[in-house]
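Scroll down for the structure; my scribbles are underneath it.
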Amino acid sequence: MNVSTNQKPSDIEKVTFLSDEKIWFLYRERRHFGPFSIGEIQSFIQQGLVALDHYFWKPGMKEWERLDRYENFQSFRNPNVLDIRDDKFSDFINFESRIRSEFKHQTPLEFSFENGESFVSGEQRDSATTKKLYKRLLHFGFVASTVVFASFIYFFIVLDSPSRELLLLLSKDDKANLEKVVELEEDLTKPQAALAILSSTSLYPEVVFASNLKKDSELSITVRSVPGTLVSGKDQFITMLKRVTQRVDKVGPIRNEDGSSLIPGKYEIILSCLNCGDNINQIVTKDRFLLGTSASQSYYNKVNSNNGILTKKLSAEVTELKEIVFALVNQRNIAVGQLSSLNTRADFKKEMKIWDAWNVMQGSILDTFEPLKSNEFVQTLVLSSVYNSVFDIAKNLMEFGQSVVQIQSFKSGKSANSAISGLKALNKKIDEELEKIESLIVSLEKDLRDGVKYPNILDKEILNNG
């Protein structure tokens, strides 16, 4: 690679570039990327993805030039340049910067059959900007929430040619269906791919793709949630790498790094080829789908329509549970203290004192949880199962206290020792349950502070309670 190295600070030039011309290439560590527009390169610099000591070039230039030679790039300098390798930069440009740049003039809209010629995978095309983009030759939309007689219904729209019609594929053999889609484009030389999602009712979906890419082409497939559409928890983002070995293939089941399932809601699939060449043939294919059963979608609609009320109730219940657990921990500590003091038989006064004290504690526990005996009341609680778990701890604690008092009356040391062993086991169980509840409360408090729309626990709670 020939580069220009005889630069001085005074050499900084002011040059007017046509920002929408995708004719410029970048050179980072060991490889070049592109083509990009000047606007895209400026965006990379601003995000810290590209440093000013990297190089750029376009056909016709004699050598690669450093970016900091030109004021057009100097003004976009980011002092916090990301320390990323070329492969990571490739991921960035394929999944974030490149997509945002190519679709920045387009308005996300729901897919519609009536105006199918105007939409591509849920994106409205702007003819003024589309002319400057890579002309994608295969497009299709997919309605994932429609299932008829256990068959997957795929709606593929093949655009960019007046002779192509809407294809309605009603077969479980997805590979065969996608083969047909690809066969329509066999005479085309530019790389392309089609996407589909299998089993949208499963929270461990699979992505099927068909392509005319060369064998060993390296694909990146990203499944990410559309912000604000998940029924609970934080946004999901999963990236998978796949090497092309056959025309039609699939990846999945898709799950989070910890093995957990995806959360019901709306997702985007973005497929990009990482090594399809250094020219405009780079592909980016995008599709949206709705994940989850009809029950989970009903839940999604419900929690979104009651967000304010639900959050307020959740906050109040978390505060109340925190106070109740604090009281139970204190009572448990007192009971354990009484148990450890039973080295010898207590006199009558000490025994009565313990009995009276525990009766007071027991009464306060019963008063606190009395409303939980009413199913009608339980149904009004967002965290009803958590309350019931705490109630179980309280019942175990009452049993613990009563046993402590009972041990005082044992005349046989052997019987007392046996009972104390049982109490130690019960105390361990209470301790473990309290620890779980306390951890849950801490997590809920953090979610509320962080503004998480619906903590994961609400999935089960609201579905159970209607």
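The opening residue of the sequence shown carries number 874 in this note's numbering; numbering runs sequentially from there.
From the three backbone atoms N, C-alpha and C, an ideal C-beta is built for every residue, glycine too.
Asked, Found
"Contact test: D959 Cβ vs the ligand MN heavy atom, cutoff 6 Å", "As for the ligand MN, it is missing from this structure, which has no ligand bound."
"Simplified DSSP assignment, three categories, for R904", "coil"
"N1085 to E1305 span [Cα, whole Å]", "57 Å"
"8 Å contact criterion, which V1198 and I1314 should meet: CB distance rounded", "7 Å"
"Sub-7 Å separation of V1096 and I1111 beta-carbons", "yes"
"For G912, the first and last residue of its enclosing alpha helix (DSSP H)", "911-920"
"Segment limits, alpha helix (DSSP H) that includes E1130", "First-last for E1130: undefined, no H or E at that position."
"Coarse secondary structure for A924, derived from DSSP in three states", "coil"
"L1299 versus S1258 - alpha carbon distance", "21 Å"
"Straight-line gap, S963 to L955 (C-alpha atoms, nearest Å)", "13 Å"
"Between the CA atoms of K931 and L925 - distance to the nearest angstrom", "17 Å"
"Buried versus exposed call for Q1109 [16 or more other C-beta atoms within 10 Å across all chains shown]", "buried"
"Own chain partners of K1302 with C-beta closer than 7 Å, once the 5 adjacent residues on each side are dropped", "N1269"
"Distance between K1186 and K1195 (C-alpha atoms, nearest Å)", "14 Å"
"Collapsed DSSP secondary structure at V1191 in the structure displayed", "helix"
"T1019 in three-state terms, based on DSSP", "For T1019, the predicted model reports a pLDDT of 23, less than 50, meaning its position is unreliable; a value from the coordinates is still stated below. Coil at T1019, not helix or strand."
"Where the beta strand (DSSP E) through F949 begins and ends", "Per DSSP, F949 belongs to no beta strand (DSSP E) and is neither H nor E."
"Where the beta strand (DSSP E) containing I1111 begins and where it ends", "1110-1116"
"Reduced DSSP category for S1291 - H, G, I as helix; E, B as strand; rest coil", "helix"
"For K1123: DSSP bridge partner residues", "V1081"
"Exposure label - A1189; buried when at least 16 CB within 10 Å", "exposed"
"Alpha-carbon spacing of K1139 relative to N1129, whole angstroms", "16 Å"
"Residue nearest to S948 in terms of C-alpha spacing, selected from I918, W937, L1135", "I918"
"With 16 other Cβ atoms within 10 Å as the buried cut-off, status of R1322", "exposed"
"K895 classed as buried or exposed, judged by whether at least 16 other C-beta atoms fall within 10 angstroms", "buried"
"Distance, E913 Cα to F929 Cα", "12 Å"
"Counted within 10 angstroms of its Cβ, other Cβ atoms place R1116 as buried (16 or more) or exposed", "exposed"
"Where Q915 falls, given that 16 or more other Cβ within 10 Å makes a residue buried", "buried"
"K1319 versus I1136 - alpha carbon distance", "20 Å"
"Residues of its chain near K1088, where Cβ-Cβ distance is below 7 Å and the 5 sequence neighbours each way are ignored", "V1117, T1118"
"Distance CB(E1091)-CB(L1144) smaller than 7 Å", "no"
"Limits of the unbroken beta strand (DSSP E) element including I1142", "1138-1146"
"Assigned exposure category for S1312 - 16 Cβ within 10 Å defines buried", "exposed"
"Own chain, CB closer than 7 Å to M1113, minus 5 neighbours either side, in chain order", "I1094, V1124"
"Closest Cα partner of E1272 within the set L1103, E944, L1296, S1262", "L1296"
"Residue(s) in a DSSP beta bridge with E938", "F929"
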